[in-house]
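Here the protein sequences line up with chains A and B, keeping their order.
Just so we're aligned, residue 1 is where the first sequence starts under our numbering, counting upward by one.
Just so we're aligned, residue 326 is where the second sequence starts under our numbering, counting upward by one.
Number of protein chains: 2
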Amino acid sequence: MNINMIHAAAARLKGHVRRTPLLSSPFLDDIAGRQVWIKAECLQHTGSFKYRGGYSAISALSEEKRKLGVLAFSSGNHAQGIALAARQHGVPAAVIMPNDAPDIKIENTKALGAEVIGYDRDREDRDEIGRSLAQERGLCLIQPYDEPEVIAGQGSAGLEIAEQAKELGIEKADVIVCCGGGGLTSGIALALAEHAPKMSAFPAEPDGFDDVARSLAAGYHVSNKLSSGSICDAIVTPTPGKLTFPILKGHCTKGFAVTEKEVLKAMAHAFLRLKLVIEPGGAVALATALFRSEEISGDTVIVVASGGNVDHNIFARALNMLQAA
Amino acid sequence: MNINMIHAAAARLKGHVRRTPLLSSPFLDDIAGRQVWIKAECLQHTGSFKYRGGYSAISALSEEKRKLGVLAFSSGNHAQGIALAARQHGVPAAVIMPNDAPDIKIENTKALGAEVIGYDRDREDRDEIGRSLAQERGLCLIQPYDEPEVIAGQGSAGLEIAEQAKELGIEKADVIVCCGGGGLTSGIALALAEHAPKMSAFPAEPDGFDDVARSLAAGYHVSNKLSSGSICDAIVTPTPGKLTFPILKGHCTKGFAVTEKEVLKAMAHAFLRLKLVIEPGGAVALATALFRSEEISGDTVIVVASGGNVDHNIFARALNMLQAA
Numbered sequence: 001m002n003i004n005m006i007h008a009a010a011a012r013l014k015g016h017v018r019r020t021p022l023l024s025s026p027f028l029d030d031i032a033g034r035q036v037w038i039k040a041e042c043l044q045h046t047g048s049f050k051y052r053g054g055y056s057a058i059s060a061l062s063e064e065k066r067k068l069g070v071l072a073f074s075s076g077n078h079a080q081g082i083a084l085a086a087r088q089h090g091v092p093a094a095v096i097m098p099n100d101a102p103d104i105k106i107e108n109t110k111a112l113g114a115e116v117i118g119y120d121r122d123r124e125d126r127d128e129i130g131r132s133l134a135q136e137r138g139l140c141l142i143q144p145y146d147e148p149e150v151i152a153g154q155g156s157a158g159l160e161i162a163e164q165a166k167e168l169g170i171e172k173a174d175v176i177v178c179c180g181g182g183g184l185t186s187g188i189a190l191a192l193a194e195h196a197p198k199m200s201a202f203p204a205e206p207d208g209f210d211d212v213a214r215s216l217a218a219g220y221h222v223s224n225k226l227s228s229g230s231i232c233d234a235i236v237t238p239t240p241g242k243l244t245f246p247i248l249k250g251h252c253t254k255g256f257a258v259t260e261k262e263v264l265k266a267m268a269h270a271f272l273r274l275k276l277v278i279e280p281g282g283a284v285a286l287a288t289a290l291f292r293s294e295e296i297s298g299d300t301v302i303v304v305a306s307g308g309n310v311d312h313n314i315f316a317r318a319l320n321m322l323q324a325a
Numbered sequence: 326m327n328i329n330m331i332h333a334a335a336a337r338l339k340g341h342v343r344r345t346p347l348l349s350s351p352f353l354d355d356i357a358g359r360q361v362w363i364k365a366e367c368l369q370h371t372g373s374f375k376y377r378g379g380y381s382a383i384s385a386l387s388e389e390k391r392k393l394g395v396l397a398f399s400s401g402n403h404a405q406g407i408a409l410a411a412r413q414h415g416v417p418a419a420v421i422m423p424n425d426a427p428d429i430k431i432e433n434t435k436a437l438g439a440e441v442i443g444y445d446r447d448r449e450d451r452d453e454i455g456r457s458l459a460q461e462r463g464l465c466l467i468q469p470y471d472e473p474e475v476i477a478g479q480g481s482a483g484l485e486i487a488e489q490a491k492e493l494g495i496e497k498a499d500v501i502v503c504c505g506g507g508g509l510t511s512g513i514a515l516a517l518a519e520h521a522p523k524m525s526a527f528p529a530e531p532d533g534f535d536d537v538a539r540s541l542a543a544g545y546h547v548s549n550k551l552s553s554g555s556i557c558d559a560i561v562t563p564t565p566g567k568l569t570f571p572i573l574k575g576h577c578t579k580g581f582a583v584t585e586k587e588v589l590k591a592m593a594h595a596f597l598r599l600k601l602v603i604e605p606g607g608a609v610a611l612a613t614a615l616f617r618s619e620e621i622s623g624d625t626v627i628v629v630a631s632g633g634n635v636d637h638n639i640f641a642r643a644l645n646m647l648q649a650a
């Protein structure tokens, strides 16, 4: 895993991926007490950054391997990224999704042409289901984060952040990234280390599912007690990835964790001030910037709004935060 | 009013205005039965295209005139555009707003540093209030659409559409624009006539407030019966502008009108598929593309999502459309 792989992934993604905008609002700066920039990856194809890694991984396969098809397990965003990228390459995709994944993510994955196979998040082992299906059909399993070409694809978002910050005259910033298994955070950390060495990457997670923050503090893999029950479904993972954790340890000094209420409030502010729809798991970084300012040291913060695939009833809960205010 | 003024406005706006993205979704293409591209002006500074015209007009004033301050009347989006542009130029702004304008627009205009003066939309004459205030304080009145430098600023969105379409290999398209007084539509029409001559601009309005469509059909100025009562508050105007109508007549063969239900459904689809927050008045063009496909002839449609300043209770009504579906 190195910067050259990120450059190669970005080259393959060119003409396909959206260069999502880096937005800001004076109202958000006021709340945060510093300059806040938002990398709007919710505007990426399929509504999340996961399209980057999915396209990168599928485009990196040999034609022979690729034509047999690909397999993924995902709570929904990786599923949609894989589904669209497979369709664009003209190859079949099967996706193993937890039964409690948001409806919109399951429906969209199907609508993008993938076969969806459901499983029980608490009682079944998705890795086991995946392995047997891959063997049976000759499908190539594309891991959601512990896969070098996926990390490389997510890293292309880091290259864009470095470029866009340079265009805005920003040299130094804390870059806060919504973190599940760590694919996006580690890809961005590697890209910044090379192209924006004065920027530092930090993972952000929901309270109670902050395995990466606690693992960084401990220096070794720590697991979450629960495997479900967060509104931040997109970034709930049991423990940091095998490939991603060493990268995170090398580049991130600490991680942040925010409450569910802070997440919903951040979504409401994104609605009000940025005109963006952000899903709970995609709002933890913005929530950190807005409501944990005493834990941040830099004058400028760049947060990744990593996805926008939220069911309308949860979004309505976020809007209710404005009623209360 | 000519293309050179639009080029000059774009040059003044450079480094200030956002080049908003041109987005798409396979799900929206399916509904519309053709390719649909969305120019996301809701992501513009202050949440609408109006910042373009506001900045253009203030930056075009002589320094002597400008330092006395500016005055605007607006239901909210022009107000915010003027307020931010005035603040960026370091000059005072006073804005005359109807008492029934959405709270978010009134609050934001104040928060951006402008003085807000309320009036009764049905009983008072905003032009009269504006004229006397301008005289009293020496303020320069900046009309919301019947002002060449405002039209020129809005036209910069048309230059971007022409550029972005070229980048995507789109040569021919129907460009549908949310239309109130016609500043944005006429600015875009002029820009396209010069830089994308195979594209045609069309205004879109809410049913019952389709003065521009009916005026185009009649060939002369026709007025709306009502002056308020639409959820599309941003684009409710009594009759086409004096400056804008001749431009519209020269470039637009017809206009579209959509129902309130179609507008709310279009907002729901923008939430679901684009991760964009669009206000009712900013959704009439998308609603036309999605639900009036039999009235459209081109294979490719570009719609302008002109603003995103919507109160959360109205947005919740749009989300309820998804519940029903």
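Glycine is no exception: its CB is placed at the ideal position from the N, C-alpha and C atoms.
Shown here is that no member of the segment 60-81 of chain A has a Cβ falling below 7 angstroms from a Cβ of chain B. The beta-bridge partner set that DSSP reports for A:VAL70 consists of A:ALA93 and A:CYS140.
A:GLY182 is positioned such that its CB atom lies closer than 9 angstroms to that of A:PRO240. Annotation for A:VAL284: the continuous alpha helix (DSSP H) segment containing it runs 284-291. Sixteen is the threshold: since fewer than 16 other Cβ atoms of the shown chains lie within 10 Å of the Cβ of B:SER622, the residue is exposed. For B:PHE570, the enclosing alpha helix (DSSP H) has its first and last residue at 569-576. Separation of B:ALA514 and B:VAL588 (C-alpha to C-alpha, rounded to the nearest whole angstrom) is 23 angstroms. Counting only Cβ-Cβ distances below 8 angstroms, B:GLY633 has contacts in chain A at LYS275, in chain order. Rounded to whole angstroms, the Cβ separation of B:ALA614 and B:VAL626 is 5 angstroms, and the two are in contact under 8 angstroms. In the DSSP assignment, A:PRO203 forms a beta bridge with A:VAL177. Around the beta carbon of A:ARG137, fewer than 16 other beta carbons lie within 10 angstroms, which makes this residue exposed.
Pairing A:SER306 with A:CYS140 gives a Cβ-Cβ distance that is not under 9 angstroms.
One thing to note: B:SER525 has its Cβ within 9 angstroms of the Cβ of B:ASP499. Our two residues, A:ASP311 and B:ARG391, have alpha carbons roughly 48 angstroms apart in a direct line.
A:VAL36 has A:VAL301 as its beta-bridge partners, per DSSP.
Of A:VAL303, A:SER75, A:SER223 and A:THR185, the smallest CA-CA separation from A:ASP120 is found for A:SER75.
Contact between the segment 445-456 of chain B and the segment 548-560 of chain B is present: three or more C-beta pairs spanning the two stretches fall below 8 angstroms. Distance between B:VAL395 and B:GLY379, taken at the CA atoms: about 10 angstroms. A direct Cα-Cα distance of roughly 40 angstroms separates A:ALA287 from B:PHE534. For A:ALA57, the enclosing alpha helix (DSSP H) has its first and last residue at 50-60. Sixteen is the threshold: when 16 or more other Cβ atoms of the shown chains lie within 10 Å of the Cβ of A:ASN309, as they do, the residue is buried. According to DSSP, residue pairing for B:LEU347 in a beta bridge involves B:LYS364. Relative to the Cα of B:ALA439, the nearest Cα in the group B:LYS497, B:ILE454, B:ALA419 and B:ASP425 belongs to B:ALA419.
For A:GLU262, the enclosing alpha helix (DSSP H) stretches over residues 260-269.
Contact between the segment 268-282 of chain A and the segment 35-50 of chain A is present, with at least three C-beta pairs closer than 8 angstroms. A Cβ of chain A is located within less than 9 angstroms of the beta carbon of B:CYS367. Pairing A:ILE314 with A:ILE235, the inter-Cα distance amounts to about 16 angstroms.
Beyond the five residues adjoining it in sequence on each side, A:GLN35 comes within less than 6 angstroms, by CB distance, of ASP29 and THR300 in the same chain, given in chain order. If you check the CB distance, A:ALA101 and A:ILE58 do not come in under 9 angstroms. Contact residues of the segment 243-260 of chain A toward chain B are absent (C-beta to C-beta distance below 9 angstroms). Collapsing the DSSP output to three states places B:GLY580 in coil. Going by C-alpha positions, A:LYS265 is about 12 angstroms away from A:ILE31. B:ALA477 and B:THR569 have their C-alpha atoms some 11 angstroms from each other. Distance from B:LEU509 to B:PHE374 at the Cβ level is roughly 6 angstroms; contact confirmed, criterion being Cβ atoms closer than 8 angstroms. The continuous alpha helix (DSSP H) containing B:VAL537 extends over residues 536-543. Within chain B, the residues ALA641 and LEU644 have their CB atoms less than 8 angstroms from the CB of A:ALA316, given in chain order.
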